[in-house]
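In what follows, a single structure is set out as structure tokens and then discussed.
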Amino acid sequence: MTSPNSLHSTQSDAYRVLARKYRPDSFDKLIGQDALVRTLSNAITLGRLAHAFVLTGVRGIGKTSTARILARGLNCEGADGNGGPTLSPCGVCGSCDAIASGRHVDVLEMDAASNTGVDDVREIIDGSAYRPVSARFKIYIIDEVHMLSRNAFNALLKTLEEPPDAVKFIFATTEIRKVPVTILSRCQRFDLRRVPADMLTDHLVSIAEAENITAERAALAQIARAAEGSVRDALSLLDQAAAQGADAISEKAVVDMLGQAGQEQVAALLSACLEGQTQAALSLYDVADKGGAEPETVISDMLDIIHLASLTAAGAPPADPPEAVKHALDELAKTGIARLGRAWQVVLTGHGDVRAAPNPRAAAHMVLIKLAHIAPMPTPAEILRKLPHSQPQTLSQPAAPAHPAPAAQADTASADDSEPEPAAPASPAQASPAQASPAQASPEHISAVPVLLDSAPPETPALPSTPERIAVETAPPAPSEMPLSIRDIANRCETEGEHILAARIRKYLRPVRLRAGILEAELVAGLPDDVQDTLLSTLARHLGLWTGQPWLVSRAYEGGGKTVQEDDDEMQGEAFNDASKIPLVNAVLSQFSGAEVTNIISTEIVPDSETGIMFEGAEK
Numbered sequence: 000m001t002s003p004n005s006l007h008s009t010q011s012d013a014y015r016v017l018a019r020k021y022r023p024d025s026f027d028k029l030i031g032q033d034a035l036v037r038t039l040s041n042a043i044t045l046g047r048l049a050h051a052f053v054l055t056g057v058r059g060i061g062k063t064s065t066a067r068i069l070a071r072g073l074n075c076e077g078a079d080g081n082g083g084p085t086l087s088p089c090g091v092c093g094s095c096d097a098i099a100s101g102r103h104v105d106v107l108e109m110d111a112a113s114n115t116g117v118d119d120v121r122e123i124i125d126g127s128a129y130r131p132v133s134a135r136f137k138i139y140i141i142d143e144v145h146m147l148s149r150n151a152f153n154a155l156l157k158t159l160e161e162p163p164d165a166v167k168f169i170f171a172t173t174e175i176r177k178v179p180v181t182i183l184s185r186c187q188r189f190d191l192r193r194v195p196a197d198m199l200t201d202h203l204v205s206i207a208e209a210e211n212i213t214a215e216r217a218a219l220a221q222i223a224r225a226a227e228g229s230v231r232d233a234l235s236l237l238d239q240a241a242a243q244g245a246d247a248i249s250e251k252a253v254v255d256m257l258g259q260a261g262q263e264q265v266a267a268l269l270s271a272c273l274e275g276q277t278q279a280a281l282s283l284y285d286v287a288d289k290g291g292a293e294p295e296t297v298i299s300d301m302l303d304i305i306h307l308a309s310l311t312a313a314g315a316p317p318a319d320p321p322e323a324v325k326h327a328l329d330e331l332a333k334t335g336i337a338r339l340g341r342a343w344q345v346v347l348t349g350h351g352d353v354r355a356a357p358n359p360r361a362a363a364h365m366v367l368i369k370l371a372h373i374a375p376m377p378t379p380a381e382i383l384r385k386l387p388h389s390q391p392q393t394l395s396q397p398a399a400p401a402h403p404a405p406a407a408q409a410d411t412a413s414a415d416d417s418e419p420e421p422a423a424p425a426s427p428a429q430a431s432p433a434q435a436s437p438a439q440a441s442p443e444h445i446s447a448v449p450v451l452l453d454s455a456p457p458e459t460p461a462l463p464s465t466p467e468r469i470a471v472e473t474a475p476p477a478p479s480e481m482p483l484s485i486r487d488i489a490n491r492c493e494t495e496g497e498h499i500l501a502a503r504i505r506k507y508l509r510p511v512r513l514r515a516g517i518l519e520a521e522l523v524a525g526l527p528d529d530v531q532d533t534l535l536s537t538l539a540r541h542l543g544l545w546t547g548q549p550w551l552v553s554r555a556y557e558g559g560g561k562t563v564q565e566d567d568d569e570m571q572g573e574a575f576n577d578a579s580k581i582p583l584v585n586a587v588l589s590q591f592s593g594a595e596v597t598n599i600i601s602t603e604i605v606p607d608s609e610t611g612i613m614f615e616g617a618e619k
């Protein structure tokens, strides 16, 4: 039989895990949350304490600990019993001691995961009506508050909005999106940040020294990375590593414990892939796999190495890179940002594939094979440098017909003031873009494709006898420039903010006749009924307002030309076809199977002085 004394000794000597032993009991020991501490300090100093707080963040970041520290600070009486609210609780007064031990009658902590109903919340509501028994504030700490039911939240709303002066609410949650907005709007929200890996590593170093644990800094850095910013996770892993190594922690032991590949091993794996050595890369992966490394973890570590190497290549190397990969990062940086960026895209896509694949190991193999296959391929810049020097090449684009001279426009306008006359037949200079000579083309006019103003004989000014003719009389504002094409009308709609009308004009109107005050157009087949009923009348009204004269807009049932959208598509197709015939473009397309021209940008083209190749915005 065990004696009472021996039982007491056993209980007093019980081991406390590091996550509990080193749980912060003051804001000075809360790491990585400077913004929260600064805000609360100013609020206490200025006497602007909110009645409700909500703390959110990932697991193990310190939400519950922060709530308890805040509760102690608000109710601290000081060592002399005359203290007020503070961020540095004394820890020796009756309130601090009772709160720390979880037995204070005025500080009530509830787990919403197991108390989700209205009845549980009703107890809080009823209790909040009474003043604190012994403390300055009655404080309710509700952990995992997002687990409350909808009815429970609704029951809490009124009390949370106007609580008694001596009542404070502190909520903690990992799922802030599940908390109703009506609750959040009544609280001050604090987002607790993930602790940076280097700060967490320093924290683990100090704890290891305090516990007389011999640990390599690289091993503690691995633990900090695996914890992903969670202090509690880091301390739990440190506890596990110390037990595994009998208070001696090495990097290899941590890597084996976590099922990871060492950073040096991952760097070698990445180097083999970038050099196109598929077999070597697969062999290195198999070694890591036999050591217990998870496929997803290996791919994730590859992303980390690519990121660090890209920073080095960009001239902004990481401040404290791991010792094991310093040399490897310098060598990978020599690969160039272009290749590293391409590797990043391949591995990032592969990371999602590995996570979703039924066989992650096979998916990881495919990522490595793909990366090793793509990595040796030349970049576009390298292809350009390898091409033989040639004369500068420029795109030959179809030219848009020029607008009539201002004098001609004035003559037309004056003639229209007396009586509508049929428009003159289009001259050769005003022919469609398809008839324009490539030699007359210019890139800046690629998007300006006017439609023929009038396709009818000059002696037929009569309009079709259809009931759809629409005339709009407007008050004569200042005359505006008359549109010369359907494209001009659509552009004017865009300028005036009528974007929907502009889109419908470009897509549905086939021009038949256009002159000052008169528009005849065919509607595209399949036009929705609601658009048919309103399009022409709306257009007539706007044209009258913009030009200062009435417009007659009518519908024709045949004889319409191309829509603006159809014309743009045709011109784009011709431009792409012309672009693919340029020797430089053709050479680039031949280097990449399945590549095609997808866009043409008209800009100032300047030839390179050495190669003669045209570059956008280059300096002579």
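The opening position of the sequence shown corresponds to residue 0 in numbering that gives the first Met the number 0, with each subsequent residue numbered one higher.
From the three backbone atoms N, C-alpha and C, an ideal C-beta is built for every residue, glycine too.
Since this is a predicted model, take the numbers as computed values, not measurements.
Residues that DSSP places opposite residue i in a beta bridge
i	result
Thr-213	Ala-247
Ser-553	Glu-519
Met-109	Ile-141
Arg-622	Residue numbering for the chain in the displayed model covers 0 to 619; residue 622 lies beyond these limits and cannot be assessed.
Arg-188	Val-53
Leu-514	In the sequence as displayed, the identity of residue 514 is Arg instead of Leu. Note: Arg-514 sits in a beta bridge opposite Ile-517.
Option nearest residue i by Cα separation, candidates the options
i	options	result
Asn-598	Pro-582, Ala-586 and Ala-574	Ala-574
Asn-504	Ala-515, Ser-536 and Arg-514	Residue 504 is actually Ile in this sequence, not Asn. The residue with the shortest Cα to Cα distance from Ile-504 is Ser-536.
Ala-111	Lys-325, Thr-173 and Lys-137	Thr-173
Val-366	Ala-271, Gly-291, Lys-385 and Pro-377	Ala-271
Arg-176	Leu-54, His-498 and Leu-269	Leu-54
Val-16	Ser-235, Ile-182, Tyr-284 and Lys-28	Ser-235
Thr-334	Arg-384, Asp-238, Pro-375 and Gly-82	Pro-375
Gly-59	Gln-221, Asp-232, Gly-46 and Arg-19	Asp-232
Arg-509	Gln-564, Gln-344, Asn-576 and Leu-39	Gln-564
Leu-513	His-498, Leu-542, Val-297 and Leu-534	Leu-542
Ala-220	Ser-205, Glu-210 and Asn-211	Ser-205
Gly-349	Asp-300, Lys-561 and Pro-582	Asp-300
Trp-545	Ser-133, Asn-585, Lys-561 and Glu-493	Glu-493
Own chain partners of residue i with C-beta closer than 8 Å, once the 5 adjacent residues on each side are dropped
i	result
Ala-594	Val-587 and Leu-588
Met-198	Ile-30 and Gly-31
Tyr-284	Leu-268, Val-297, Ala-363, His-364 and Leu-367
Residue burial classification, residue i (beta-carbon count within 10 angstroms, cutoff 16)
i	result
Tyr-556	exposed
Ala-240	buried
Phe-189	buried
Pro-162	buried
Gln-531	exposed
Leu-35	buried
Glu-208	exposed
Thr-181	exposed
Tyr-507	buried
Glu-160	exposed
Thr-296	buried
Pro-357	exposed
Pro-647	Since the first residue shown for the chain is 0 and the last is 619, residue 647 is missing from the structure and cannot be characterised.
Contact set for residue i: own chain, Cβ-Cβ below 7 Å, skip 5 residues either direction
i	result
Pro-482	Ile-488 and Arg-491
Gly-496	none
Val-57	Thr-173, Arg-193, Gly-228 and Ser-229
Leu-370	Cys-272, Ala-342, Val-345 and Val-346
Ala-226	Leu-199, Asp-232, Ala-233 and Leu-236
Endpoints, the beta strand (DSSP E) within which residue i is located
i	result
Thr-172	166–172
Ala-99	Looking at the DSSP string, Ala-99 is not in any beta strand (DSSP E); the run it does join, the alpha helix (DSSP H), is 93–99.
Residue interval of the alpha helix (DSSP H) (run including residue i)
i	result
Asp-577	563–579
Thr-277	277–289
Ile-485	485–494
Leu-690	The question about residue 690 has no answer, for the chain in this structure spans 0 to 619.
Pro-294	294–312
Phe-152	149–160
Pro-359	359–373
Glu-76	Element bounds for Glu-76: n/a, residue is neither H nor E.
Gly-126	117–127
Gly-340	336–355
Leu-86	That residue, Leu-86, is in no alpha helix (DSSP H); it is neither H nor E in DSSP.
Arg-47	Neither: Arg-47 is in no alpha helix (DSSP H) and is coded neither H nor E.
Asn-585	582–590
Cβ-based neighbour list, residue i, same chain, cut-off 6 Å, excluding 5 preceding and 5 following
i	result
Arg-216	none
Val-106	Ala-70, Ile-98 and Ile-138
Leu-331	Ala-308
Ala-171	Leu-54, Lys-62, Thr-63, Ala-66 and Asp-142
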